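Student:
2 protein chains.
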Amino acid sequence: MNTQLHIYNTLSRKKELFEPYNPPYAGMYVCGPTVYSNPHLGHARANTVFDILYRYLKHLGYKVRYVRNITDVGHLENEDIGEGEDRIEKKARQEQLEPMEVVQKYMNTFHRNMKELNVLEPDIEPRATGHIIEQQQFISRLLDEGMAYESNGSVYFDVSKYNDRYGYGILSGRVLEDLISNTRILEGQDEKRNVYDFALWKKASPEHIMKWPSPWSEGFPGWHIECSVMGMKYLGKPFDIHGGGMDLIFPHHESEIAQSTAVLHRQPVKYWVHNNMITITGQKMARSLDNFITLDELWSGDHKLLDRAYEPMTIRFFILQAHYRSTLDFSNEALQAAEKGYKRLMEAIDKLDTLKASGKSTIDVDELSGKCYEAMNDDLNTPIMISHLFDGVRLINSVADGKEKITGDDLEKLKKLYNVMVFDILGLKKPGQAGHNTELTGQLIDTLLELRQQAKLNKDFEAADRIRKRLTEMGITIKDTKDGAIWEL
Amino acid sequence: MNTQLHIYNTLSRKKELFEPYNPPYAGMYVCGPTVYSNPHLGHARANTVFDILYRYLKHLGYKVRYVRNITDVGHLENEDIGEGEDRIEKKARQEQLEPMEVVQKYMNTFHRNMKELNVLEPDIEPRATGHIIEQQQFISRLLDEGMAYESNGSVYFDVSKYNDRYGYGILSGRVLEDLISNTRILEGQDEKRNVYDFALWKKASPEHIMKWPSPWSEGFPGWHIECSVMGMKYLGKPFDIHGGGMDLIFPHHESEIAQSTAVLHRQPVKYWVHNNMITITGQKMARSLDNFITLDELWSGDHKLLDRAYEPMTIRFFILQAHYRSTLDFSNEALQAAEKGYKRLMEAIDKLDTLKASGKSTIDVDELSGKCYEAMNDDLNTPIMISHLFDGVRLINSVADGKEKITGDDLEKLKKLYNVMVFDILGLKKPGQAGHNTELTGQLIDTLLELRQQAKLNKDFEAADRIRKRLTEMGITIKDTKDGAIWEL
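If you're matching them up, the sequences are chains A and B in order. FYI, the numbering for the first sequence is 0 to 488, going by numbering that gives the first Met the number 0. FYI, the numbering for the second sequence is 0 to 488, going by numbering that gives the first Met the number 0.
#1: Which value, in whole angstroms, describes the spacing of the CA atoms of A/S24 and B/M231?
#2: By a C-beta neighbour count over all protein chains shown, 10 Å radius and 16 as the cutoff for buried, is A/K370 buried or exposed?
#3: Would a check of beta-carbon distances place B/N107 closer than 8 Å to chain A?
#4: Do you know offhand how far B/I477's Cα is from B/V392's?
#5: From the DSSP secondary-structure annotation, give me the bridge partner or partners of B/T278.
#6: Residues of chain B with CB under 9 Å from A/E15, in chain order?
#7: Cβ of A/I6 less than 8 Å from any chain B Cβ?
#8: Does any residue of chain A bring its CB to less than 8 Å from the CB of B/E115?
#9: Of all Cβ atoms in chain B, is any one closer than 8 Å to the Cβ of A/Q134?
#10: Keeping to the same chain, check which residues put their C-beta closer than 7 Å to that of B/G60; ignore five residues upstream and five downstream.
#11: Mind the definition here: the segment 43-58 of chain B touches the segment 237-245 of chain B only if three or more C-beta pairs lie below 8 Å; say whether that holds.
#12: So, with DSSP's three-state summary, where would you put B/A433?
#13: For B/W486, which residues of its own chain have a beta-carbon under 6 Å away from its beta-carbon, when the five flanking residues on both sides are left out?
#14: Quick one: what does DSSP say A/N46 is sitting in, helix, strand or coil?
#15: With A/N376 and A/N1 assumed to form a contact (beta carbons below 8 Å), what rounded beta-carbon distance in angstroms separates them?
#16: Any C-beta of chain B sitting closer than 8 Å to the C-beta of A/T9?
#17: Looking at the secondary structure, which residues open and close the beta strand (DSSP E) in which B/F249 lies?
#18: Are the beta-carbon atoms of B/L470 and B/L447 separated by less than 8 Å?
#19: Starting from the beta carbon of A/G129, find every residue of chain B whose beta carbon is closer than 7 Å, and list them in chain order.
#20: Give a yes or no on whether 8 Å exceeds the smallest Cβ distance from A/P214 to chain B.
#21: How is the alpha helix (DSSP H) around B/W298 delimited, first residue to last?
#22: Taking Cβ positions only, does B/L439 come closer than 8 Å to chain A?
#23: I need the DSSP call for B/I477, collapsed to helix, strand or coil.
#24: For chain A, find out if any of its Cβ atoms is closer than 8 Å to the Cβ of B/R469; answer yes or no.
#25: Please compile the residues from chain E whose C-beta is within a distance smaller than 8 Å of the C-beta of A/M99.
#26: Is it true that the CB of A/L116 sits closer than 8 Å to the CB of A/F156?
#27: Rounded to a whole number of angstroms, what is the C-alpha to C-alpha distance between B/E338 and A/D122?
#28: When the Cα atoms are used, what is the spatial distance from B/V419 to B/L410?
#29: Any beta carbon from chain B within less than 8 Å of A/E76's own beta carbon?
#30: So, with DSSP's three-state summary, where would you put A/S386?
#31: Just to confirm my understanding: we take A/E190, look at its own chain, exclude 5 residues before and 5 after, and list those with CB closer than 6 Å. What are they?
#32: Closer than 8 Å, Cβ to any Cβ of chain B: which residues of the segment 441-457 of chain A, in chain order?
#33: Tell me, please, whether the CB atom of B/E120 is closer than 8 Å to any CB atom in chain A?
#34: Just verifying my parser: in three-state terms, what is the DSSP assignment at A/N8?
#35: For B/N436, count neighbouring Cβ atoms within 10 angstroms of its own Cβ and tell me buried if that reaches 16, exposed if not.
#36: Cα separation between B/F219 and B/H74?
Right, dumping it as C-alpha cells:
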C-alpha cells in the first residue's frame, strides 16, 4: 500500500517516491498559456491536473510554491521548427490591437476560465516580458559555456555540442539522427549550424513590435529560454517539479533541460510530470480540423460539436475521471455521463447530513479512507479515488435505507473524508455554489415544497399541482420519495 | 449647455474641452496600485472615478486605450523623500515570502476587489518589473540630455538643471525654494546634488532581492520613472490623459512631467486628471491613525469603525454621489444613506417595466436626458447626474400613480436613458446581480407571494402569516402596497 506520494517521472519513465530537495518546501513550475487565443479543453485539462497536484501536496503538508508562467512573447507559429510569426504579434495584427492588448485580453479570459473551473491561483505567475534581462543574462552564460553561438544577431543553442558533452534527448528519447531527418528545412535557416539548433535570441525584423536591445541585436527571446530562467529564479537550482502537457516534452522541455543543464552542469529538475492530451471524438484537437472547443463555448453550448451547454464542474469532473497520463476523449455522451456521476456524488454528500447515527458501525470508514489515499499516492490516480468514493456512495445510501449502520464518530469521519477528498483535493464545488444566493434558493424551494406537502395533507391537490408546475417551469425537478420530496435544478 | 465633454485639467487649473490628439482614439494612463497590501477605500475611489471616465469616453464613441499599471518594484516606504525600504520587499520579509509572491497575492486581491466594484479591466495592465530595460533606456536618454547624473552607482534627476531650462513645479505649483526648506535631509543622501533631486536608478544593497544589472550598478528603478516609460510606450509621445489620486500630484506626477519633458522637449500629457481623497469621519486616512478600511473589511463589516457590512454597489454609489474633485467623507450614516438612495434608484428601474403607456406624455424625457448628459459633460459631475435621475424617479412614481402620463415611445426612451446612465456609464449593477440564481430567486419569491395572496383570499391568514414569517427569516422584507406585495432582500 502506498502511504506516501509516488509520481510518474517522465525522466526516469517510472513512478518514484516524491522527495523534494528541501522538505517541507516543494517547488513546482508548470508551463502556462501563450495568451493569444481563448482557452480550450486542453488548457482545462493541463491546469486542472496540476491543480490536483498542487492541492494534494498542500494537503500532505508541504509548503508549496507553485509557479505558472504567462508566455507573452517569443512563441512562434511553427515552434517545432522555430519559425513563423510571433503568435501574439500575429493576433495583434489581425485584431488591430497593440500586442500587449492582445496579451491582456486573453490573459483575462484565461484567469476567468480557470476561476470557473475552480483552479487555484499559482503563487507566482511570471511573464516572459517581465524577465528579458534575466533571459539575456542566461544566454550570456550559455555563450560563455560555449554551448551557444551568435549568428547574424541571433543566438542559437548548439545542440550537437551539448549532445557530445551531456547527451541530448534524455526526456523525449529523441536522438540527433532522427531530428535531422524529421526536421523540415526552411529558407533563411542557414544562419544555424544545424537544423535542430534552436533560438535563444532572435534578431527582430524592422516591423517587429515586441523587441528589446541586447548585446546581439534588437530582438526577442526564444520560446524555451523563459521557462528555464523563471523556473530557476523562483524555485532554485535545481528545483523539484516541472509540469506541462505531453505535447511540450519535445521540443520545449527537452530544450529547457539542455539549456539549464549546460549552465548548472546537472539536471535542473527532479520530477518531470506530463499530462496526456484530449482527443475530440477520437481525433487529435487541431485548428486545421476545426475541432477546438473553447471553454466559453462549453459553458454556452455554442459550438457545432456540442449538443448543449455544460457546467464548469462537469468538465472538471470529466477530466478527473480519467488518469492524467491517459488520453481523454471528448464526446457529448462522455460529458453527460460525467454530469450524472458528479450529481450522484453531490447528492450523496447532501444525504450525509441526513444520516442517523447508530450504536455500532457495519461499515469501515478507515478502510475507505485508506483506499482513497492509496489511489492518490499512486501517481494521483483520481479515477480510482473517485471509484472508491462511489463505493462510499453505495454505503451512504445503504445507511440511509437502514441496511447498514454507522456510529456518530464514524459518521463524522465519513463527512470529513468526503469534504477533504471531494472539495479540498479534487477541488469540486457544489452545483451553483458560485452564485451568492444558492443557500437562499434552497430555502425558498424547501418552503414551496412544504406548502405543497401541506396542500396535499389538506387534500387541495390542485394547489399542490400548481406549485409543482411552477417549479418545473423554473427548471426545478421534484421527485417524491418516501422521505418527502427532493428537488434538483 | 455642455454638449461636449469638458474635463478639469490640473495643469491649467481649469475645465477644458476634451480634444484628444488623434480622434476617435483616446489614450488614458492611470496610476495603479503598489501591490503590497489589501486595497482600501482610497483604491475604490480612484479606480471607480477613472472607470467612469473610461466608460463615458467609450459611450461617447471614442476608441479608448486604457492603461493602468501595477507597481511591483521601486516604491519606497518614504517616497516623499525617496528613502526607506522597498514596500514589497519589506512585506516579503514580514510575511516570509518571495517578493513576487507578495506581488501575486495582493494583485489577485486587487483584481477581485475591482471586479466586485464592477470596475472594468484596463486594456493594458503593465508591470514595472516588465519594463526594466525600457526604464534603463529612458534613464540613458536623460543622462544624454544632461538632466540626470550618476552618483555612486545610482542615477538622480537633476531638478535644478531642469528647473532652469523648463521650469519645475508646473503641476503642483511648488517652487524649488519651498522644496529645500520642506525636505527632510537624511543621512546617506549626500550622493545627491540637491535634496530635491529624485532617484531614477538606485544601487541595491547586497541583501536587496529585486535588482537587475544596469550600466550604473546592480539596482532597481526609482518609483516615478515607470509611469513615464509605460505611458509613452503604450499611448504615444505625447498622450491624452493621465490620471491618479491628488496625493500623487507631488512628487510622483510632477517628477513624471519633468522626466518626460526632458526627453520629449514638450509636455508629455494633455490632460492631467486627479481625484480627491477620502476622509474617515473627518480625518485623513493614515496607517498611523489606524483608520484604513480595506474593501474586504467593508464587505464583511469586520472593522471597528464599521456598524455592519456594506455591499460593493453601495460603496460605488457612495463614491459617485460626490464629485470626484471633492473630498468624500466616510461614515456609517453616509454609507447607509447611499444604500437607501441606490435601492430607491433600482426600485424605480424595476418599476419602469410596469408602467403603462398613454396616448400622450406629460413629462419631457428629452429634457431629462439632456440634463444628464450636461452634468456628465461638465467635468463628469456624477452627483448632479444622479440628482437628475432622482428627479426622474419622482416622475416614474407619478406615472405609476396615474398623476403623469407617458407615451409608448417616451417610455422606451426613458428605459433606454436609465439603462445607459445607470448601468453603462455609472457602472452600477442590480443588487445580487453577481449571483447566478438571481432571476430564479425572484421567481421563487414571487411564487411564494402569490401563494400568500391566495391564502389571504381564502381567509387562511395563518398560512399567509407563516409564509411572510418564513420569508422574513430568510432576510426578505415584504411590503404590502395597493398594487400587491413587493419584496426586497
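Don't be surprised by glycine CBs; every beta carbon is placed ideally from N, CA and C. Just so you know, these numbers come straight off a predicted model, no measurement behind them.
Tutor: To lay it out plainly:
#1: In the sequence on display, residue 24 of chain A carries Tyr and not Ser. Rounded to whole angstroms, A/Y24 and B/M231 show a C-alpha spacing of 42 Å.
#2: Buried.
#3: True, the Cβ-Cβ gap to chain A drops below 8 Å.
#4: Their Cα atoms are separated by approximately 21 Å.
#5: In the DSSP output, where bridge partners are listed per residue, B/T278 has B/K283, B/D328.
#6: What A/E15 touches in chain B, judged by beta-carbon distance under 9 Å, is nothing: the nearest beta carbon there is about 27 Å away.
#7: At least 8 Å separates the CB of A/I6 from every CB of chain B.
#8: Not an interface residue.
#9: It does not; no Cβ of chain B falls within 8 Å.
#10: The beta carbon of B/G60 sits closer than 7 Å to those of P23, all from its chain and outside the five residues before and after it, given in chain order.
#11: Contact holds: three or more Cβ-Cβ distances are below 8 Å.
#12: Confidence is the limiting factor: at B/A433 the pLDDT is only 43, short of 50, which leaves the residue's position unreliable and the question unanswerable from this model.
#13: Correct list, in chain order: I444, I475, I477.
#14: Helix at A/N46.
#15: Yes, A/N376 and A/N1 are in contact; Cβ-Cβ is about 4 Å, under 8 Å.
#16: Interface criterion not met: the Cβ of A/T9 is under 8 Å from no Cβ in chain B.
#17: Per DSSP, B/F249 belongs to no beta strand (DSSP E) and is neither H nor E.
#18: B/L470 is a Cβ neighbour of B/L447, given a cutoff of 8 Å.
#19: Neighbours of A/G129 on chain B, chain order: R126, T128, G129.
#20: It does not; no Cβ of chain B falls within 8 Å.
#21: Start and end: 294-299.
#22: True, the Cβ-Cβ gap to chain A drops below 8 Å.
#23: Reduced to three states, the DSSP call for B/I477 is strand.
#24: Yes - at least one Cβ of chain A is within 8 Å of the one on B/R469.
#25: The question asks about chain E, but that chain is absent: this structure's protein chains are A and B.
#26: Contact check for A/F156 against A/L116 fails: the beta carbons are separated by 8 Å or more.
#27: In this model, B/E338 and A/D122 are separated by some 36 Å (Cα to Cα).
#28: In a straight line, the C-alpha of B/V419 is about 14 Å away from that of B/L410.
#29: Closer than 8 Å: no.
#30: A/S386 falls in the helix class under three-state DSSP.
#31: For A/E190, where only same-chain residues beyond five positions count, the Cβ hits under 6 Å are S150, N151.
#32: Here the close residues are Q442, L443, I444, T446, L447, L450, Q453.
#33: By this cut-off, B/E120 is an interface position.
#34: The answer is strand: DSSP assigns A/N8 an E or B state.
#35: Caution is warranted here: a pLDDT of 45 is assigned to B/N436, below 50, making its placement in the model unreliable, and no coordinate value can be reported.
#36: So the alpha carbons of these two residues sit roughly 10 Å apart.
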